[in-house]
Structures are given as C-alpha cells and as structure tokens.
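Below: one structure, written as structure tokens.
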Ligand SMILES: N[C@@H](CCC(=O)N[C@@H](CS)C(=O)NCC(=O)O)C(=O)O
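If you want it as structure tokens, here you go:
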C-alpha cells in the first residue's frame, strides 16, 4: 500500500490525483498544517524538509530495512509514473518533455504562485511590491503555458502526463493569485479538460472529505 502524507493544498493534491489516474489504491494520511504536524519529529523522519506531500511505499524496503519513503512532489510523481508505467508518455522524447514541464512547475509556477499567496495573506510583511513582482512573474509563466498549449493538447505533447497534473494542481488557484485565466484561452481549455476527468474529481472529493482514517495521531497513521 502507498501511504500519502498530505493536505488539501496545491502540492498536496497532486499525488492523490496521480494515484487516482493510475488506478493505484492508497491511504491518505492528512496532516494538520496549521498545527504544524509537518514539523513534528515523526514527519521529519519521512520528509526532512517538513512539508507535504510525502509518501511511504510499504511494498518496497530501503537500504536501512524500512519501507521506502519519498519526499518532494516532483520526485514522488516521477517515482509513481515509473513504478506504474503511466502518465509519462511512451518514448524517450515523451519522457523528457514530461520532465521539462514537471520541473517548470516545481521551479517556477509553484514558488511564484506560492509567494503571491504568502504576501497577500501575511499582513506583518511590507507586501505591495512583493505581490506585484510575484504576480508579474506568475502571469509570465502562465503566458509560457499558453504558448505551449496553443500548439499541443497536453504539456508534454500528445499524452496527458504527471506534468499536466503538477501544473494543474496550481493553475486551479490562478484566480486567487490574481491571474485571470480568461486572458489565456488555451490554458483555460486545458484546465477545463483536466477538471472534467473522473480521477481528478475523485482525488479532490477525497481530499475535501476526510474519512475516519484521518482521525488518529500522526504516529499511528504513519505506522
Ligand atoms: N517543493 C515542495 C513544496 C512543498 C510545499 O511547499 N508544501 C506546502 C503545502 S502546498 C507545505 O507543506 N506548507 C507547510 C509549511 O511550509 O510548513 C514539493 O513540491 O513537494
């Protein structure tokens, strides 16, 4: 079984989305970010960076004899795509196109959108210039996505991949960081197509409706 340590956030939702698309069963372990569960020693043993998401693959034992854990959403998506042979296209070119747009999200879209949210919501920082700067950069990145999606149905080319999932995790929140998607018709078309997918809706529904398995302590849930 794959245990997914996550929360209902742009990075957190990507892993359930990929697992639903791949048809792989998983157990959600929801962390309470407001109560800093992601900084607890139990979780830091899984992700030394103290952020979600992370996974434990109980079916694989690592060098130290423990079930394999993986942190960083891009690494997790790649791990799952390679393990289950899906969401990465078919050829070497598909794979490298997938990685390009995956890294584009990890190094660009996520940090820029994230900084807009941070400076918009944190009153204690002088933030007007920071919001303007990070919004400008967010819009530039969405413009790059627009030009790609004008020429291609999916980011990596003809196949829907983990790169689409990773970017969609953030593009769902474009309006809330002040990026109006009406100005980017191909991005809008792509977002709507992903938003209609059954697996994506299932992942979002599950993330938004925690069931009984989220009720225990982090230590019990990680065991
Ligand atoms: N590069 C990391 C970013 C992870 C990240 O920033 N996660 C956020 C939620 S979207 C988080 O855990 N925030 C809580 C914190 O920073 O303490 C990844 O892609 O996994």
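In the numbering used here, the protein residues as written are 5 to 227.
For every residue, glycine included, the Cβ atom is placed at its ideal position computed from N, Cα and C.
- Cα atoms of residue 129 and residue 137: separation of roughly 14 Å, rounded to the nearest angstrom.
- The beta-bridge partner set that DSSP reports for residue 28 is empty.
- Residue 40 carries a coil assignment under DSSP once its states are collapsed to helix, strand and coil.
- When distances are taken from the beta-carbon of residue 112 to the heavy atoms of ligand 1, even the shortest one reaches 7 Å or more.
- For residue 73, the pairing in a beta bridge is given by DSSP as 60.
- The shortest CA-to-CA distance from residue 204 to any of 180, 17 and 154 is the one to 17.
- Collapsing the DSSP output to three states places residue 10 in a strand.
- Bridge pairing for residue 34: 10 [DSSP].
- Annotation: the stretch 144–204 contains no complete segment of the beta strand (DSSP E) (minimum length 3 residues).
- A distance below 7 Å between beta-carbons, with the five flanking residues on each side excluded, links residue 141 to the following residues of its chain, in chain order: 116.
- Taken through DSSP and simplified to helix, strand or coil, residue 65 comes out as strand.
- With a cut-off of 8 Å on Cβ pairs, the stretch 22–32 is in contact with the stretch 191–206, counting three or more such pairs.
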